[in-house]
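*Asks:* Numbering (our numbering), first residue to last: 662 to 882.
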Amino acid sequence: MSRFITRDGPNYHPIIVCGDFNLQPFTGVYQFIVDGNFQYLGKGRKLEESGFRRLSNSLIPSSLLITDNCQHFNVLTRRLRGSGDEQTMLYSKEETREENRESPGSIIPKEVDIESSDYQKITITEGQYATFSSGALTHPFKIKSVYAHSNCSGEAEATTHQDQWITVDYIFYTDIELLDRYRLPTVAECKEFPAIPNFVVGSDHLCLGATFKLKRKRSVR
662 MSRFITRDGP
672 NYHPIIVCGD
682 FNLQPFTGVY
692 QFIVDGNFQY
702 LGKGRKLEES
712 GFRRLSNSLI
722 PSSLLITDNC
732 QHFNVLTRRL
742 RGSGDEQTML
752 YSKEETREEN
762 RESPGSIIPK
772 EVDIESSDYQ
782 KITITEGQYA
792 TFSSGALTHP
802 FKIKSVYAHS
812 NCSGEAEATT
822 HQDQWITVDY
832 IFYTDIELLD
842 RYRLPTVAEC
852 KEFPAIPNFV
862 VGSDHLCLGA
872 TFKLKRKRSV
882 R
């Protein structure tokens, strides 16, 4: 995401990310989004505490050149060093991985051992590092959720019905002012509804909505 919201990171434009994330509040991935870090080493396959089948220190293969700070290594080095190519190791289903690697400017950096699952710490510039296979993931964004997922009485809210009423839809944002939002019904209120979709609600998900105010940038004199 940092490729699209900055030209000179770590100064990022405001972000709004919304949709069906197919995960419930306060689960491992949710906490990673809002906290900016997640220690997965030793966790179970569903990112819960586990006594067996624990995850190792390597979750994202180093061959993808995605750092443990969830940034493309080539994009990061280009931004901080001012040299190199921003070619990533992601490719579409219309092309093969080999075609992508052989395209002009697609260079696997010598600093990264793409065959290794061991911990790697690589100096980008003085005081700036990229890590792989550290056992934890981080991201540089200070992300908030529009919804607290419960009302003032502590009753859980819901956005869809999947055998039971749950929340899987979110609006996340950074560095803008939240002015207003649609209220979501509680689970208890949802149980009084007819099944969705229906003649009133045309989707199997309830609507989320919010109003934001962009902060005025300070002029540079």
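Built from N, CA and C at the ideal position, the CB exists for glycine as well.
Measuring alpha carbon to alpha carbon, tell me which residue in Tyr808, Ile666, Ala791, Ser777 is nearest Gln685.
*Replies:* Stepping through the sequence shown from its first residue, residue 685 is reached at position 24. When each option's Cα is compared against that of Gln685, the closest is Tyr808.
*Asks:* Contact defined as beta carbons within less than 8 Å: I believe Lys874 pairs with Glu838. What is the distance between those atoms, to the nearest angstrom?
*Replies:* Within the sequence shown, the letter at position 213 stands for residue 874. Within the sequence shown, the letter at position 177 stands for residue 838. Their Cβ separation, rounded to whole angstroms, is 4 Å, which keeps Lys874 and Glu838 in contact under 8 Å.
*Asks:* Classify Gly766 as buried or exposed, calling it buried when 16 or more other Cβ atoms lie within 10 Å of its own Cβ.
*Replies:* Working through the sequence shown from its first residue, we reach residue 766 at position 105. With a pLDDT of only 41 at Gly766, under 50, the local geometry of the prediction cannot be trusted, and the value read off the model is given with reservation. So Gly766 ends up on the exposed side.
*Asks:* Looking at Leu726 and the ligand SAM, is the gap between the Cβ and the nearest heavy atom below 7 Å?
*Replies:* Absence of the ligand SAM is noted for the structure shown, with no ligands found whatsoever.
*Asks:* Got a sec, what are the start and stop residues for the beta strand (DSSP E) Leu840 sits in?
*Replies:* In the sequence shown, the residue the question calls residue 840 occupies position 179. Segment 838-842, the beta strand (DSSP E) holding Leu840.
*Asks:* Compute the distance between the beta-carbons of Ser723 and Ile775, then report whether it is under 8 Å.
*Replies:* The count along the sequence shown starts at 1 and reaches residue 723 at position 62. The count along the sequence shown starts at 1 and reaches residue 775 at position 114. Yes, they are a contact pair.
*Asks:* By alpha-carbon positions, which one of Ile721, Ile694, Gln823 ends up nearest to Tyr831?
*Replies:* The count along the sequence shown starts at 1 and reaches residue 831 at position 170. It is Ile694.
*Asks:* What ranges does the alpha helix (DSSP H) occupy inside the stretch 684-731, keeping only unbroken runs of at least 4 residues that lie completely in it?
*Replies:* Within the stretch 684-731, the complete alpha helix (DSSP H) runs of at least 4 residues are 689-696.
*Asks:* Do Tyr843 and Cys868 have their C-beta atoms closer together than 8 Å?
*Replies:* To locate residue 843, count along the sequence shown from 1; it is residue 182. To locate residue 868, count along the sequence shown from 1; it is residue 207. Taking 8 Å as the Cβ cut-off, Tyr843 and Cys868 qualify as a contacting pair.
*Asks:* Leaving aside the five residues before and after Thr872 along the sequence, list all residues of the same chain whose C-beta is less than 6 Å from its C-beta, in chain order.
*Replies:* The count along the sequence shown starts at 1 and reaches residue 872 at position 211. Taken in chain order, the residues that qualify are Leu840, Asp841.
*Asks:* In the DSSP assignment, what are the bridge partners of His733?
*Replies:* As a working mapping, residue 733 is identified with position 72 in the sequence shown. Per DSSP, Ile727.
*Asks:* Could you tell me whether the Cβ atoms of Asp729 and Ser795 are closer together than 8 Å?
*Replies:* As a working mapping, residue 729 is identified with position 68 in the sequence shown. As a working mapping, residue 795 is identified with position 134 in the sequence shown. Their beta carbons are under 8 Å apart, which means Asp729 touches Ser795 by this criterion.
*Asks:* Got a sec? Which residues, its chain only, sit under 8 Å from Tyr790 by beta carbon, not counting five neighbours each side?
*Replies:* Locating residue 790 in the sequence shown gives position 129, where the first residue counts as 1. Closer than 8 Å at the Cβ level, and outside the excluded window around Tyr790, lie Lys782, Ile783, Thr784.
*Asks:* If Phe687 and Ala797 are in contact, beta carbons under 8 Å, what's the gap, nearest whole angstrom?
*Replies:* Translated into positions along the sequence shown, residue 687 becomes position 26. Translated into positions along the sequence shown, residue 797 becomes position 136. With a Cβ gap of about 18 Å, Phe687 and Ala797 do not count as contacting.
*Asks:* Give me, in chain order, the residues of the same chain whose beta-carbon lies closer than 7 Å to that of Ser811; leave out the 5 immediate sequence neighbours on both sides.
*Replies:* What you label residue 811 is simply residue 150 of the sequence shown in a count that begins at 1. So the qualifying residues of the chain are Ala817, Glu818.
*Asks:* Would you call Ile677 buried or exposed, if buried means 16 or more other Cβ atoms sit within 10 Å of its Cβ?
*Replies:* On the sequence shown, residue 677 is found 16 positions in, with the first residue counted as 1. Exposed, since its Cβ has fewer than 16 Cβ neighbours within 10 Å.
*Asks:* Please check the pair Tyr673 and Phe802, which I expect to be a contact at CB under 8 Å, by giving their CB distance rounded to whole angstroms.
*Replies:* For the purposes of this step, residue 673 is taken as residue 12 along the sequence shown, with counting starting at 1. For the purposes of this step, residue 802 is taken as residue 141 along the sequence shown, with counting starting at 1. That belief holds up - the Cβ atoms of Tyr673 and Phe802 are roughly 7 Å apart, short of 8 Å.
*Asks:* Between Leu702 and Leu716, how many whole angstroms is the CB-CB distance? I'm expecting something under 8 Å.
*Replies:* If you number the sequence shown from 1, residue 702 lands on position 41. If you number the sequence shown from 1, residue 716 lands on position 55. Contact holds; Cβ gap of about 6 Å.
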